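Quick notes on the structure that follows.
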Amino acid sequence: MCNKSPFCPCSKVPDHVILSGGPNNRYWVMDVEERPGHKTLTMSCSKSLHPTETCLLKDGWEMTPVRRGDVVHLEGCSDGGSWLVDREQGFLVLLPDSLISGTSISSSIRCMRRAVLGDIFDGGSMQMLNGTMVHEVFQRAATAKDFSLEKLSKLADEALHGPRYLGDMYGLGVSQEEMKQELHNYLPSLQHWANDNSRAPSSCQDSATVVTVTDLADIEENVWSPRFGLKGKIDVTARVRIQSPRNGGHRIPEEKIVPLELKTGKESNSIEHRSQVILYTLMSLERYNPETGFLLYLKTGNLHPVVANHMDRRELLKLRNTLVHHVHNCVEQEAERSRLTRLPDILTNRQTCQYCPQKRNCALYERAVDPSSADVSEDVVQDFLQQETGHLTLPHLNYFSHWLLLWTLQSIKLLKYLTLTCVSSEKNGSCVGNLQLSDPVTVQSEGVFLHRFQRSSVASQQGLASGDRIVVSDQEGRLVGLATGYLCEVSRKVISCTLDRDLSKYSDVLFRVDGDEGVVGLSTHLTNVSRLMESCQDSDRLRELVVDLRSPEFISNLSSVLPREAKDTVANILKGLNKPQKQAMKKVLLSKDYTLIVGMPGTGKTTTICTLVRILHACGFSVLLTSYTHSAVDNILLKLKRFRVGFLRLGQGQKVHPDILPYTEESVRKNSCVFSSKPFPFRYLATTCMGIKHPIFTHRRFDFCIVDEASQISQPICLGPLFYAKRFVLVGDHQQLPPIVQNQEARSRGMDESLFKRLELHKEAVVQLNVQYRMNRQIMSLSNSLMYDGQLECGSERTATALLTLPFLLTVQSELNSYSQMQPQHNLSWLQATLLPSNPVCFLDCSVAGCKPSDVGVIAPYRQQLKRISAVLQSSAFTGVEVNTVDRYQGRDKSLIVLSFVRSTAEEGNLGELLKDWRRLNVAITRAKHKLLMVGSATTLRRYTPVEKLLNHLQQENMISLRNYLDTPKFFLILRQIIL
DNA sequence: ACTAGTCGACTAGCA
Numbered sequence: 001m002c003n004k005s006p007f008c009p010c011s012k013v014p015d016h017v018i019l020s021g022g023p024n025n026r027y028w029v030m031d032v033e034e035r036p037g038h039k040t041l042t043m044s045c046s047k048s049l050h051p052t053e054t055c056l057l058k059d060g061w062e063m064t065p066v067r068r069g070d071v072v073h074l075e076g077c078s079d080g081g082s083w084l085v086d087r088e089q090g091f092l093v094l095l096p097d098s099l100i101s102g103t104s105i106s107s108s109i110r111c112m113r114r115a116v117l118g119d120i121f122d123g124g125s126m127q128m129l130n131g132t133m134v135h136e137v138f139q140r141a142a143t144a145k146d147f148s149l150e151k152l153s154k155l156a157d158e159a160l161h162g163p164r165y166l167g168d169m170y171g172l173g174v175s176q177e178e179m180k181q182e183l184h185n186y187l188p189s190l191q192h193w194a195n196d197n198s199r200a201p202s203s204c205q206d207s208a209t210v211v212t213v214t215d216l217a218d219i220e221e222n223v224w225s226p227r228f229g230l231k232g233k234i235d236v237t238a239r240v241r242i243q244s245p246r247n248g249g250h251r252i253p254e255e256k257i258v259p260l261e262l263k264t265g266k267e268s269n270s271i272e273h274r275s276q277v278i279l280y281t282l283m284s285l286e287r288y289n290p291e292t293g294f295l296l297y298l299k300t301g302n303l304h305p306v307v308a309n310h311m312d313r314r315e316l317l318k319l320r321n322t323l324v325h326h327v328h329n330c331v332e333q334e335a336e337r338s339r340l341t342r343l344p345d346i347l348t349n350r351q352t353c354q355y356c357p358q359k360r361n362c363a364l365y366e367r368a369v370d371p372s373s374a375d376v377s378e379d380v381v382q383d384f385l386q387q388e389t390g391h392l393t394l395p396h397l398n399y400f401s402h403w404l405l406l407w408t409l410q411s412i413k414l415l416k417y418l419t420l421t422c423v424s425s426e427k428n429g430s431c432v433g434n435l436q437l438s439d440p441v442t443v444q445s446e447g448v449f450l451h452r453f454q455r456s457s458v459a460s461q462q463g464l465a466s467g468d469r470i471v472v473s474d475q476e477g478r479l480v481g482l483a484t485g486y487l488c489e490v491s492r493k494v495i496s497c498t499l500d501r502d503l504s505k506y507s508d509v510l511f512r513v514d515g516d517e518g519v520v521g522l523s524t525h526l527t528n529v530s531r532l533m534e535s536c537q538d539s540d541r542l543r544e545l546v547v548d549l550r551s552p553e554f555i556s557n558l559s560s561v562l563p564r565e566a567k568d569t570v571a572n573i574l575k576g577l578n579k580p581q582k583q584a585m586k587k588v589l590l591s592k593d594y595t596l597i598v599g600m601p602g603t604g605k606t607t608t609i610c611t612l613v614r615i616l617h618a619c620g621f622s623v624l625l626t627s628y629t630h631s632a633v634d635n636i637l638l639k640l641k642r643f644r645v646g647f648l649r650l651g652q653g654q655k656v657h658p659d660i661l662p663y664t665e666e667s668v669r670k671n672s673c674v675f676s677s678k679p680f681p682f683r684y685l686a687t688t689c690m691g692i693k694h695p696i697f698t699h700r701r702f703d704f705c706i707v708d709e710a711s712q713i714s715q716p717i718c719l720g721p722l723f724y725a726k727r728f729v730l731v732g733d734h735q736q737l738p739p740i741v742q743n744q745e746a747r748s749r750g751m752d753e754s755l756f757k758r759l760e761l762h763k764e765a766v767v768q769l770n771v772q773y774r775m776n777r778q779i780m781s782l783s784n785s786l787m788y789d790g791q792l793e794c795g796s797e798r799t800a801t802a803l804l805t806l807p808f809l810l811t812v813q814s815e816l817n818s819y820s821q822m823q824p825q826h827n828l829s830w831l832q833a834t835l836l837p838s839n840p841v842c843f844l845d846c847s848v849a850g851c852k853p854s855d856v857g858v859i860a861p862y863r864q865q866l867k868r869i870s871a872v873l874q875s876s877a878f879t880g881v882e883v884n885t886v887d888r889y890q891g892r893d894k895s896l897i898v899l900s901f902v903r904s905t906a907e908e909g910n911l912g913e914l915l916k917d918w919r920r921l922n923v924a925i926t927r928a929k930h931k932l933l934m935v936g937s938a939t940t941l942r943r944y945t946p947v948e949k950l951l952n953h954l955q956q957e958n959m960i961s962l963r964n965y966l967d968t969p970k971f972f973l974i975l976r977q978i979i980l
């Protein structure tokens, strides 16, 4: 019986799942049979699901939450296709391609719920800075092989003054001097340990084993183990000599490579610490097969050996399986609707929970996701829930669970699958294999190593491009995740990239490079929603506005906000603005909570924002300027930098516009020490919405926060910067594109509602910029009839009447005439009509000559179509013609736009979602300043309501029939011939 | 039924 569920064994194994037998086996679970005390899996390691094998789980393994449709990895041995995993032998690794970090697993020993929450929300406190810095000093001393006090103290100073931790210290409110004292406490014991380690005895009291560290093989080695589904970074990989009296009478020392885990805290030798080491030995099994790992407590310099037996590994892998199960099954179906699942139970151990960084999320989840359980829970739990969430109302809790569910739905597809065989993924194009290091590795800057690889086999095509994030592994899959970095250059023979580690010691290894899609920073966004629920002044206020939709308030008189001395300056600045723009400025100044500025197409949003910042500057207000994308932020800054408004741009240098680079943190710091001088000198800060993770924000508050393109940002992300300002201004246009949401259910349940749209119901907070300087009258009228109900106006007669200038029009027309006479079978009258500048809107029912290519833009809704069009336009005459999607054209314009609608389907064909969106169509038709050519099949397009409305608005003379030139690439071929 | 952009990762520590 097939219920069409993805877990149904008769449904197909999804394409992205890779199955295999052998040592790196991957089995697809087809059936799970449960009996008291044991569980039997029916499974197959072949995509055809034939032949099948079985696996018997017992002695506790039967509790593994494995289901039909899961992928599992098996360790141990099978007897003719039947596996046994029990107390003594075998391991089962559930969903092995989901790599779980060693620290997550060891933290789940005490509280599984916390470990799962840690996967959803950012946790952690800033109190860990000291630990991180001591680690850094140790690791750098080890790299330099110099543990003298002098060296250590120099390294400590470098860490204290280097850019990496300054921000953190600033955030913690710790001075460099305080931090220095803290750090220096550790230096003598580091030195002591290094001098002494030749005779550092193991602390195993029952044996006289002596362990000597002879050399450090690696520092911060990154290990991904798809065999055990583990990942981690090993502090130190050390060569040790182990002298054990049990090796008979001769004490032949044993040479081993082992992981060393450094601890700066108490010498607890706790189960958590030991578990971490056991997991590290397990994940490095394939690298150097260690049996033992070590804990090194830096405070005392003591070294504790941790020997892992089968039982320890077994129990830790069981924990891992439970954890991975919860992480993967966070959503369940109930009557065709998804909902969040229950988490592992609350611990309610007062001592443990008191310091838990997930305290609030733990309580929120319980109350918001499964409120019924709260009534029956014990008093301790009730008290805890009351304490953490007592200040919240039902709508608040609903808002939290709503966005938690939507984000989870959206992220389900993004689960990362590691592919083990290069061949299979090279087909998908996200991998290049058989690479050899061809040149010496060069150091570009600290921690950035430039590598060049030679490709031994020349692949026909690859999906990797320069700038992509990558992971480097060995070809066999033994050393997975050796380094990560960015691709610089890809050619048929050579690949160069910058990596976070120097791989020169692996000179004999054959490498592979995989594209790293990464798991997108889901946690940052949900942390914003969680933070909105916090009981504190900033969150309480924002929650009231965003969740309760309290009406925004305004003061009545400008004089109280406008300083007397600023009046003239402000009046001067205002001179350059039109009426609605002036109104917008006034509204913002009068606002006590927020203002929404609707910027219709071409109405000068950037100028308006730039002017707004200048006015706020003149009035002495501080401003945080953000948008979702780097380019949107820089767009405004490029305008703003002409005026004397000193701002700081936060963000990675690579992503920032070259002209804005002098304003970045890094450049500014070169001249002065920004963070040590308090108060923070910059009153104007610009960054992306995600940039608010920067430690500056732990202290800094602004008078205003401006968010550009706010109608394209999803609520959890848009909330981020708003925590840091007393008032905010959202700029956008909900009639243009909304946030993109892939998941159909998430979209239908409102995930594409931006904060801009949500708050728009408060009309008193809205100002509309409706005077536009982009489109001529005819083009504008399309959008007016489609979306704006006639509200959009031309800013000047010049704008309204501007036409395309085609200097060679006459020549081309006469050439066309003679061409038609010579080849009368080609009727080119359509082209003649299309070319006429006096015909600014043409729909070519399934030309353009002599104007500058950079004035021409080609737009299509689909990427695939763009690829084909670009291929046809591969001629020098077309270089400079920008071919792009509707989505990417938002916010910009061209003199002439050729818009291809692509679709031409038979009667019953599937329509697709993209063209059903009014807002996408609106953006597409409002990019052209002087002429808009649309190409498409009118018959097909009438099936899309928005396009139908557009077609109905077009006059007869706008419609030109292209009888013989039905498909678009062919149309462009003709276009090319004419232009050349 | 296919549109984009963001992001260092993992770990530090405590009870």
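Residue numbers (my numbering): 1 to 980.
Virtual Cβ for every residue (Gly too), placed ideally from N, Cα, C.
Keep in mind that this is a model prediction, so the values were computed, not measured.
- By the 16-neighbour rule on beta-carbons within 10 angstroms, GLN772 is buried.
- The closest CA to that of LEU343, considering only LEU323, ARG337, GLN351 and ASN349, is found on LEU323.
- For ASN195, the three-state secondary structure derived from DSSP is helix.
- Per DSSP, GLY857 is one residue of the beta strand (DSSP E) stretching across 856-860.
- Contact annotation: the stretch 891-902 touches the stretch 923-941, with at least three C-beta pairs closer than 8 Å.
- Taken in chain order, the complete beta strand (DSSP E) segments of 3 or more residues contained in the stretch 466-552 are 469-474, 483-490, 494-499 and 511-515.
- Counting only residues of its own chain and dropping the five nearest sequence neighbours on each side, LEU117 has a CB closer than 8 Å to the CB of GLY123, LEU343, GLN358, ASN361, CYS362 and TYR365.
- Cα atoms of TYR355 and LEU394: separation of roughly 27 Å, rounded to the nearest angstrom.
- Residues PHE843 and LEU899 of the same chain have their beta carbon placed closer than 6 Å to that of MET934, with the five preceding and five following residues left out of the count.
- The beta carbon of ARG943 sits closer than 8 Å to those of LEU911, all from its chain and outside the five residues before and after it, given in chain order.
- For CYS689, same chain residues with a beta-carbon under 8 Å away, outside a window of 5 residues either side, are THR626, SER627, TYR628, VAL707, ILE713, ILE717, CYS718, GLY720 and PRO721 in chain order.
- DSSP links GLY293 through a beta bridge to VAL306.
- With a cutoff of 8 Å on beta-carbon distance, VAL633 and VAL623 are scored as not near each other.
- In chain order, LEU866, SER900 and VAL902 place their CB closer than 6 Å to the CB of ALA860, counting only its own chain and leaving out the 5 sequence neighbours on each side.
- Approximately 5 Å separates the beta-carbon atoms of MET283 and VAL223; this is inside 8 Å, confirming the contact.
- The bridge partners DSSP lists for THR805 come to none.
- Taken through DSSP and simplified to helix, strand or coil, GLN742 comes out as coil.
- MET283 carries a helical assignment under DSSP once its states are collapsed to helix, strand and coil.
- Per DSSP, TRP83 is not a residue of any alpha helix (DSSP H); the beta strand (DSSP E) it occupies stretches across 82-85.
- Note that the stretch 132-139 does not touch the stretch 536-554; fewer than 3 beta-carbon pairs, one per stretch, sit closer than 8 Å.
- The bridge partners DSSP lists for MET751 come to none.
- Only residues of its own chain outside the window of five on either side were considered, and among them PRO861, PHE901, ARG903, LEU921, LEU941, TYR944, PRO946 and VAL947 have a CB closer than 8 Å to the CB of LEU915, listed in chain order.
- Membership of PRO51 in any beta strand (DSSP E) is not indicated, and neither H nor E is assigned to it by DSSP.
- Counting C-beta pairs with one atom in each stretch, the stretch 64-73 and the stretch 181-196 have fewer than three that are closer than 8 Å, which means they do not touch.
- Contact between ILE960 and THR834 is confirmed by a C-beta separation of about 6 Å, below the 8 Å threshold.
- The Cβ neighbour count for LYS931, taken over all protein chains shown within 10 Å, is at least 16; the residue is labelled buried.
- Under DSSP, LYS58 takes part in a beta bridge, and its partners are HIS38.
- Residue pairing of PHE453 in beta bridges, as defined by DSSP: LEU437 and ILE495.
- About 5 Å separates the beta carbon of SER820 from that of LEU828, a gap short enough to meet the 8 Å contact definition.
- Nearest C-alpha to ARG35 among ARG777, LEU57, GLY732 and GLN864: LEU57.
- In the three-state DSSP reduction, ALA800 falls in the helix class (H, G or I).
- Pairing HIS50 with SER44 gives a Cβ-Cβ distance under 8 Å.
- With a contact defined as Cβ atoms closer than 8 Å, GLN791 and GLN813 miss out at about 38 Å.
- Within the model, the alpha-carbon separation for LYS587 versus LEU685 is close to 22 Å.
- Beyond the five residues adjoining it in sequence on each side, LEU406 comes within less than 6 Å, by CB distance, of ALA746 and MET751 in the same chain, given in chain order.
- Cβ neighbours of LEU558 within its own chain (closer than 8 Å, five residues either side excluded): LYS586, LEU589 and LEU590.
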